[in-house]
Amino acid sequence: MRFSDFDQRLAALDALPVHRGRLMRVWLNGKALDLGTRRRSSENFLPLKLRAAVPALTSELDGLARVCSEHVGSDGSRLLVELADGQMVESVLLPRDGLCVSTQVGCAVGCRFCMTGKSGLLRQVTSMEILAQVVLARRLRTVKKVVFMGMGEPAHNLDNVLEAIDLLGTEGNIGHKNLVFSTVGDMRVFDVLPRQRVKPALALSLHTTKAELRRHLLPRAPRISPEALVELGEKYARDTHYPIQYQWTLLKGINDGDDELDALVRLLKGKYGVLNVIPFNVAEGDDYQRPDSDRIHEIVRSLRSRGVLTKVRNSAGQDVEAGCGQLRARAVGAEHVVRLHRKHGDRRPPPDRPDEAFTASGSS
Ligand code: SF4
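FYI, the numbering for the sequence shown is 782 to 1145, going by my numbering.
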């Protein structure tokens, strides 16, 4: 269900914009639809036709998504969320009142190090299903920040994601810079986001400074060079006054070398952004490895000392062995898919030939 369709249905129940806004506000805060205001009960506020429909609307909204299981880690909890048609997505409760939501079931980009990418795209997640993930989380705890970095490439589901962002930045009471749109570099994003009334912050999946390696690691990402991507990001950052978050899933022997660090300094020094280094979250059977902690610290020290604002972001819920897409994969038996991929000619890369790297699990 798209929000625009739901909104039309409310209008057909005699709901004026003020009533529709009120209903979305209480729903997005995890409250009952007919909750009254401080001064008035809903009988004195909502139109009769709308009030009569509240039970049916409530059960429809409750049916959008449900928490199938919760996996509590030391730094956050992962929720396996079942949608009305039985499809599964993941949401992650992040530290400091953050929430990571999924925008697609599966993903067409096919990043080599990501479990979600292995299933391909199964379907889009609608704007109401994205919002329902926020509602489920808010019933568990406070949510003040929503990052669109879960399963899926948000730019491939732009209309639904923009609708959800607009609602969260208005009726959902989330600060615009606390909504973070993540992309591998889809050009439409740079055209459309600056024109929105709710402009989210932007996270760009960089992962390497080498164009050829990037094409390999992110096989169906747009063919844009890392330099051009950073240039577009810098313009958006300067226009919105929000720093860009550059995402870098750190893979041992692939993108953790001194050559990458030197190139990163050339690329990002002086830019209005922060580099989020995300050490790869290794799961059983993965071909990629996580660098050891000494190397991770060395990388961060080196970049910071040379003028690149760098943070280490561990994939929340690692200690429950649940990188992006892994819970869903376990739930639907997608390990089978991985085995099939390998059977059809995948090879573990020799450490000195990263361009030949192939499948792995986990994600940024
Ligand atoms: S890392 Fe993100 S863009 Fe890449 S396959 Fe996974 S979900 Fe898609």
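Using N, Cα and C, we set each Cβ at its ideal position, and we do this for glycine too.
Check: Of all the options Gly950, Asn959, Met968 and Thr989, which has the alpha carbon lying nearest to the alpha carbon of Arg978?; Outcome: Gly950
Check: Going straight from the alpha carbon of Pro1000 to that of Thr1030, what length do you get?; Outcome: 15 Å
Check: At which residues does the alpha helix (DSSP H) containing Asn825 begin and terminate?; Outcome: Counting along the chain, Asn825 falls outside any alpha helix (DSSP H), and DSSP gives it neither H nor E.
Check: Give a yes or no on whether 8 Å exceeds the smallest Cβ distance from Arg806 to chain B.; Outcome: Looking at the structure shown, chain B is missing, and only one protein chain is on hand.
Check: Evaluate Gly1019 with the Cβ neighbour count: other Cβ atoms within 10 Å of its Cβ, from every protein chain shown; 16 or more gives buried, anything less gives exposed.; Outcome: Per the sequence presented here, residue 1019 reads as Arg, with Gly not at that position. Exposed, by the Cβ-count rule.
Check: Name the residue from Lys926, Gly1088, Ala796 and Leu1084 whose alpha carbon lies nearest to the alpha carbon of Cys881.; Outcome: Lys926
Check: Taking only three categories from DSSP, how would you classify Phe971?; Outcome: helix
Check: If distances are taken between C-alpha atoms only, which option among Glu1041, Ile1035 and Ala1044 comes closest to Gln1068?; Outcome: The sequence given here places Asp at residue 1068; Gln does not occur at that position. Closest option to Asp1068, Cα to Cα, is Ile1035.
Check: Does DSSP put Gly950 in a helix, in a strand, or in coil?; Outcome: helix
Check: Excluding the five sequence neighbours on either side, which residues of its own chain have a C-beta within less than 7 Å of the C-beta of Pro1072, listed in chain order?; Outcome: Leu1031, Lys1033, Asp1037 and Pro1060
Check: Quick check on Ser963: buried or exposed, where buried means 16 or more other Cβ atoms within 10 Å of its Cβ?; Outcome: buried
Check: Are the CB atoms of Asp856 and Val924 nearer to each other than 8 Å?; Outcome: no
Check: Kindly list the residues whose CB is nearer than 6 Å to the CB of Lys958, restricted to its own chain and excluding five residues on each side of it in sequence; keep chain order.; Outcome: Ala982 and Tyr1023
Check: Taking the C-alpha atoms as reference points, what is the distance between Gly802 and Phe929?; Outcome: 23 Å
Check: With respect to the beta strand (DSSP E) encompassing Thr1091, which residues constitute its N-terminal and C-terminal limits?; Outcome: Thr1091 to Val1093
Check: In the DSSP assignment, find the alpha helix (DSSP H) that holds Arg806 and state where it starts and stops.; Outcome: Pro798 to Leu809
Check: Run through DSSP, which three-state label would His1078 get?; Outcome: helix
Check: Decide if the region 941 to 949 is in contact with the region 906 to 916; the criterion is three or more beta carbon pairs, one per stretch, under 8 Å apart.; Outcome: yes
Check: With Gln789 as the anchor, note down where its alpha helix (DSSP H) starts and where it stops.; Outcome: Phe784 to Ala793
Check: Is DSSP giving His1117 helix, strand or coil here?; Outcome: Low per-residue confidence applies at His1117: pLDDT is 40, beneath 50, and the placement is therefore not dependable enough to give any value.
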